[in-house]
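For what it's worth, our numbering labels the leading residue of the sequence shown as 379, then goes sequentially. Yeah, the Cβ is synthetic: ideal placement off N, Cα and C, and Gly gets one too. Every value quoted in this text rests on a predicted model; they were computed, and no experiment measured them. Heads up: the structure comes next, in structure tokens.
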Amino acid sequence: MYAGLDVLGSTPWQINRKIFDVVLDVWNAGYRLGKLPPAVYDEPEPEKTVEVETDQRARSTFIQAQRQWLVNRANNHSDRCSVNYKIEIARAVSLLIYFSCSLSPKLMHFLSFWVTPSIFPTTLTFAVARIHSRPT
């Protein structure tokens with residue numbers, strides 16, 4: 379088991395520039411694609427109807443829908459900031475990356491952005507391809 383972990387720890391990884399360039403084009407265009415959030419939140423704001431002024435139940439429903447829309451818009455901004463941070467890290471990393479198999483789960487989750495799904499579960503698996511080489 380330890381030998382297998384040593385092999386995983388000595389396997390180099392590298393940014394896949396072709397895929398990264400495609401992601402960067404989609405990102406700069408501001409489109410929604412997969413888990414890449416759009417630059418401008420694209421869900422329509424709930425419309426206020428005439429019944430809102432007279433019916434208490436309709437007013438309550440509208441207020442809840444409005445609050446949910448605001449939360450979703452804020453979440454879109456938060457997701458956009460998070461993905462931007464990961465893209466900038468991927469842009470800055472041009473060397474080989476080695477992942478230690480003894481990292482904490484939180485750090486592994488953060489680093490899982492870069493690795494292929496055959497080793498770690500990922501949420502965004504677009505920036506890294508494994509370099510096929512023999513471990514040293």
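Kindly indicate the opening and closing residues of the beta strand (DSSP E) around Pro390.
-> The sequence position of residue 390 within the sequence shown is 12, counting from 1. Counting along the chain, the beta strand (DSSP E) containing Pro390 begins and ends at Pro390 to Ile393.
Tell me, to the nearest whole angstrom, how far the beta carbon of Trp447 is from that of Pro424; I am working on the premise that it is less than 8 Å.
-> Counting from 1 along the sequence shown, the entry for residue 447 is found at position 69. Counting from 1 along the sequence shown, the entry for residue 424 is found at position 46. At roughly 6 Å, the Cβ-Cβ gap stays under 8 Å, so Trp447 and Pro424 are in contact.
To the nearest whole angstrom, what separates the beta carbons of Ile465 and Leu411, a pair I think is in contact under 8 Å?
-> Here residue 465 is taken as the residue at index 87 of the sequence shown, counted from 1. Here residue 411 is taken as the residue at index 33 of the sequence shown, counted from 1. That belief does not hold up - the Cβ atoms of Ile465 and Leu411 are roughly 13 Å apart, past 8 Å.
Residue range of the alpha helix (DSSP H) that includes Leu411 | Within the sequence shown, numbered from 1, the residue matching residue 411 stands at position 33. It is not in any alpha helix (DSSP H) - Leu411 carries neither H nor E in the DSSP assignment.
Is Pro422 buried or exposed, if buried means 16 or more other CB atoms sit within 10 Å of its CB?
-> If you number the sequence shown from 1, residue 422 lands on position 44. Its Cβ having fewer than 16 others within 10 Å, Pro422 is exposed.
Going by other Cβ atoms of all chains shown within 10 Å of its Cβ, with 16 needed for buried, is Thr389 buried or exposed?
-> For the purposes of this step, residue 389 is identified with residue 11 of the sequence shown, where counting begins at 1. Burial state of Thr389 is buried, judged by a 10 Å Cβ sphere holding 16 or more other Cβ atoms.
Under a Cβ-count criterion, where at least 16 other Cβ atoms within 10 Å of its own Cβ denotes burial, should Ala468 be classed as buried or exposed?
-> Translated into positions along the sequence shown, residue 468 becomes position 90. Around the CB of Ala468, 16 or more other CB atoms lie within 10 Å, so the residue is classed as buried.
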